[in-house]
Each structure stands twice: as structure tokens, then as C-alpha cells.
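A.B. asks: Read in order, the letters of the sequence shown correspond to residues 18 to 109 in our numbering.
Using N, Cα and C, we set each Cβ at its ideal position, and we do this for glycine too.
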Amino acid sequence: MSPRIAVELRHLFGPALVEDAARTDPASLDLTAALMEAVHDAADTLLSQRGDVSAQRGIVAQLPGAVRLVLCMWLMDTGLAAKLIRAAYVAA
């Protein structure tokens, strides 16, 4: 993750959540198809508010904790997204 992305994620999610996301082992998550769909929808909503950090922070603040955590992990490592989605659908 680039330093610029790290700063943006801390600003969007808060330093504590970013630290939690960095320490969380994806294998420890209770991934479901519904959770991954919620994360995907949240990512789409954030993209629709590109350039409006205040709106994006409001969106993140309203997300359930699990969605917020997985979304942060996804944005930290976009390659992880495909693995999380596959794991959620294999578990279903």
C-alpha cells in the first residue's frame, strides 16, 4: 500500500480501524455472500461520491462494523477482494 493510500484510508476510516484491518487475518473473518455483497455495494457508493470526502466519511460511519472492516481491508489490498469473495461463496 502506498503512503498516500495509507493516509487516505486513515482519514476515511480512522487510524484504529486501519490498524485493525492491517492486523486482521482474512481467514479469521466470518465471510458470507451477504457480507461481501454489502462490502461491494459500499465500495460502489464510495466511488459514486468520489471527490467528496465528507460524504464518503458519512457513508463509512453508517456502515455496520463488519462491512467497514472488510471494506477497509479490501481497499488496503485490492488483490484481497477476489480472494474474500471466493471464500464467501465457497462457504455458502
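When the Cβ atoms of the region 81-92 are set against those of the region 23-39, are three or more pairs found closer than 8 Å?
C.D. replies: In the pairwise beta carbon analysis, the region 81-92 is classified as touching the region 23-39: at least three pairs are separated by under 8 Å.
A.B. asks: Go ahead and label Ala-59 buried or exposed: buried means 16 or more other beta carbons lie within 10 angstroms of its beta carbon, across all protein chains shown.
C.D. replies: Numbered from 1 along the sequence shown, position 42 holds the residue referred to as residue 59. By the 10 Å Cβ count, Ala-59 comes out buried.
A.B. asks: Does Phe-30 get closer than 8 Å to chain D when you measure Cβ to Cβ?
C.D. replies: Note that chain D does not occur in the displayed structure, where there is just one protein chain.
A.B. asks: Going straight from the alpha carbon of Arg-21 to that of Ser-71, what length do you get?
C.D. replies: Working through the sequence shown from its first residue, we reach residue 21 at position 4. Working through the sequence shown from its first residue, we reach residue 71 at position 54. Arg-21 and Ser-71 have their C-alpha atoms roughly 18 Å apart.
A.B. asks: Cβ atoms of Cys-89 and Leu-48: under 8 Å apart, would you say?
C.D. replies: Mapped onto the sequence shown, residue 48 falls at position 31. Mapped onto the sequence shown, residue 89 falls at position 72. No, these two residues do not count as a Cβ contact at 8 Å.
A.B. asks: Taking the runs of the alpha helix (DSSP H) that are 4 residues or longer, which of them lie wholly in the region 22-69?
C.D. replies: With a minimum length of 4 residues, the continuous alpha helix (DSSP H) runs that stay inside the region 22-69 are 32-40, 50-65.
A.B. asks: What are the boundary residues of the alpha helix (DSSP H) that includes Leu-80?
C.D. replies: As a working note, residue 80 is residue 63 in the sequence shown. Counted as a single uninterrupted DSSP element, the stretch harbouring Leu-80 is not any alpha helix (DSSP H), since DSSP gives it neither H nor E.
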